[in-house]
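Engineer:
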Amino acid sequence: MSIRDTALRIASSSTGIAISMGVMNVATYGFVLVAIKLMGTTGYGALAASLNLILVISVGALGLQATAARRISADPQHVAQIERSIMRVAYLASLAVGLILLALSPLTQRLLNLDHLATAIVIAVAAVPMTLVGGQAGLLQGERRWAPLGLLYLASGLPRLFIGGAILAWRPTEFWGLVGVAICFWAPVLVGWWALRHERPGAEDAPPFGSEHTSRELLKESVRNGQALLAFFALSSVDVIVARNILSGHDAGLYAGGLILTKAMLFLPQFVVIVAFPSMSTGNERRKALTISLALVASLGAVGALAAWLLSSVAILFAGGAKYSEIEPWLWIFAILGTLLSMIQLLVYSVLARQGKRSVYVVWVALAALVGFGLAADSVLSLAITVVAVDAALLVVLLGISAWFLRDSAPDVEESAPVIA
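Residue numbers (the numbering used here): 1 to 421.
Written as structure tokens, this is what we have:
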């Protein structure tokens with residue numbers, strides 16, 4: 001087998017997705033390191049808060065992606081029809097999200113304590129391509145077209161490092177850093193358009209379908225999925241906002257530096273979610289896919305946390321360097337936090353795959369608890385321990401709920417279960 005054939009085979013497999021997402025995450029992390037070096041702790045704290053808000057806003061895109069992937073996995077006979085409906089919803093949703101955020105930009109500026117309104121406006125503009133690409137990614141994920149999906153993920157990371165990093169080198173401010181991010185969000189949109197430019201085959205011969213795949217039904221499911229993912233990403237991002245309100249600018253920057261390692265541990269095994277979700281969307285594969293995925297993420301997290309503890313002097317280089325040396329003894333705590341969040345993310349996607357509705361309420365409860373207890377913290381360490389404790393409790397609850405609904409005799413739909421989840 002030639003090198004070209006081997007490369008194509010790897011790119012078309014789950015291994016290719018793992019590599020692509022690994023490169024994307026490394027590139028995204030590289031952009032963060034550039035920002036830290038050029039902006040310092042206080043300046044980076046503002047950019048980190050803005051990027052965390054963008055992460056929360058991305059639930060719209062992820063809701064679309066989950067809907068498209070689940071629908072196609074569960075009903076592969078209607079790929080062409082689902083694609084048309086999903087993209088119609090994606091175009092409308094991206095425009096709506098952008099306009100809503102534009103109207104709320106003064107509130108965004110106040111919430112994040114930004115120096116300029118223009119920075120909040122850039123966040124609104126960035127939301128348009130970010131939401132649109134969610135529909136494209138979901139279609140490729142549902143069809144398990146790993147090679148073009150891998151290219152899409154590469155386009156999501158590499159331009160941010162090189163183009164966004166160059167813009168920051170030119171103007172190291174939170175505004176220009178976000179401008180670079182917003183420009184780079186169009187790169188994966190172009191890749192998605194190229195991959196989906198042809199009509200899916202078999203549309204004429206597909207059996208007719210009723211109202212389950214209309215744009216209205218897809219939008220309703222996307223909103224439900226987005227609400228669940230909003231709870232998760234708010235949970236994973238609100239602590240940096242809490243830090244900016246209870247800690248000094250320097251300490252808030254230190255906490256944001258520790259969260260770099262948290263985000264690395266969260267996103268490092270994200271390929272597991274992407275590959276496992278189509279299987280979790282089919283009843284006969286659901287339990288096995290979730291069990292294996294949780295075990296894999298927990299194993300990766302244990303290795304990462306141990307490395308952060310034993311090799312803290314090396315780990316601090318990945319969390320901002322010497323400027324952040326004050327948090328070096330606590331890096332293993334931030335690594336554990338990232339692993340907890342990664343496992344919670346898997347469980348939330350399991351809820352989406354089986355279209356559960358009530359299980360996500362506990363995530364909202366955990367979010368409220370995190371804010372309440374977090375506002376009582378008075379240092380970087382106490383805030384980090386508080387967040388870990390809340391997330392650990394949430395993980396235990398979600399594991400119990402999943403064990404109930406995925407037991408052999410459990411009904412497939414959450415609403416028919418005899419207990420409230």
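Ideal placement from N, C-alpha and C gives every residue a C-beta, glycine not left out. This one's a predicted model, so the numbers in the text were calculated from it and none came from an experiment.
Going by DSSP in three states, P329 sits in which element: helix, strand or coil?
Structural biologist: Within the sequence shown, the letter at position 329 stands for residue 329. In this structure, DSSP gives P329 a helical state, which the three-state scheme calls helix.
Engineer: Classify P329: buried if its beta carbon has 16 or more other beta carbons within 10 angstroms, exposed otherwise.
Structural biologist: One-based indexing of the sequence shown puts residue 329 at position 329. Counting other Cβ atoms within 10 Å of its Cβ, P329 stays below 16 and is therefore classed as exposed.
Engineer: State the DSSP-derived secondary structure class of P106, mapped to helix, strand or coil.
Structural biologist: In the sequence shown, residue 106 corresponds to position 106, counting from 1. Note: P106 maps to helix in three-state DSSP.
Engineer: Rounded to whole angstroms, what's the CA-CA distance from T108 to L140? Just pull it up for me.
Structural biologist: As a first step, residue 108 is located in the sequence shown; it is residue number 108 there, counting from the start. As a first step, residue 140 is located in the sequence shown; it is residue number 140 there, counting from the start. Going from the Cα of T108 to the Cα of L140 covers about 33 Å.
Engineer: Within the same chain, show all residues whose beta-carbon is closer than 8 Å to that of D205, passing over the 5 residues directly before and after it, in chain order.
Structural biologist: As a first step, residue 205 must be located in the sequence shown, where it is residue number 205. In this prediction, D205 scores a pLDDT of 49, lower than 50, which makes its location untrustworthy; the coordinate-derived value is nonetheless stated afterwards. Here the set comprises nothing.
Engineer: Thinking C-alpha only, which one of L178, V32, A377, W404 is nearest S350?
Structural biologist: One-based indexing of the sequence shown puts residue 350 at position 350. With distances taken between Cα atoms, S350 lies closest to W404.
Engineer: Am I right that L337 and V56 are in contact with their C-beta atoms under 8 Å? What's the rounded C-beta distance?
Structural biologist: Locating residue 337 in the sequence shown gives position 337, counting from the first residue. Locating residue 56 in the sequence shown gives position 56, counting from the first residue. Not really, about 17 Å apart at Cβ, beyond 8 Å.
Engineer: So the candidates are I274, D391, L340; which of them puts its Cα closest to the Cα of Y153?
Structural biologist: Here residue 153 corresponds to residue number 153 of the sequence shown, with the count starting at 1. Among I274, D391, L340, the Cα nearest to that of Y153 is on I274.
Engineer: May I ask which residues mark the beginning and end of the alpha helix (DSSP H) holding H198?
Structural biologist: Walking along the sequence shown from the start, residue 198 turns up at place 198. No alpha helix (DSSP H) contains H198, which DSSP labels as neither H nor E.
Engineer: Go ahead and pull the three-state DSSP assignment for V390.
Structural biologist: Position 390 of the sequence shown holds residue 390. It is helical.
Engineer: If distances are taken between C-alpha atoms only, which option among V390, Y361, V360 comes closest to G372?
Structural biologist: Here the question's residue 372 lines up with position 372 in the sequence shown. Selected option, being the one with the closest Cα: V390.
Engineer: Return helix, strand or coil for V360, following the three-state DSSP convention.
Structural biologist: Indexing the sequence shown from 1 puts residue 360 at position 360. Three-state result, V360: coil.
Engineer: Can you say whether V314 is buried or exposed, counting buried as having 16 or more other CB atoms within 10 angstroms of its CB?
Structural biologist: One-based indexing of the sequence shown puts residue 314 at position 314. Exposed, by the Cβ-count rule.
Engineer: For N25, count neighbouring Cβ atoms within 10 angstroms of its own Cβ and tell me buried if that reaches 16, exposed if not.
Structural biologist: What you label residue 25 is simply residue 25 of the sequence shown in a count that begins at 1. Buried: at least 16 other Cβ atoms inside 10 Å.
Engineer: A298 and T339 look like a contact to me (Cβ under 8 Å); what is the Cβ gap, rounded to whole Å?
Structural biologist: Indexing the sequence shown from 1 puts residue 298 at position 298. Indexing the sequence shown from 1 puts residue 339 at position 339. Correct: roughly 7 Å between the Cβ atoms.
Engineer: In terms of residues, what are the limits of the alpha helix (DSSP H) holding R160?
Structural biologist: For the purposes of this step, residue 160 is identified with residue 160 of the sequence shown, where counting begins at 1. Premise fails: R160 is in no alpha helix (DSSP H) and is neither H nor E.
Engineer: Secondary structure at D239, three-state DSSP: helix, strand or coil?
Structural biologist: Residue numbering aside, residue 239 sits at position 239 when the sequence shown is read from its first letter. In the structure shown, D239 sits in a helix (DSSP, three-state: H, G or I).
Engineer: Between which two residues does the alpha helix (DSSP H) containing S299 stretch?
Structural biologist: The residue given as residue 299 occupies position 299 in the sequence shown. Residues 286-310.
Engineer: Is the region 100-107 touching the region 80-92, taking contact as three or more C-beta pairs under 8 Å?
Structural biologist: no
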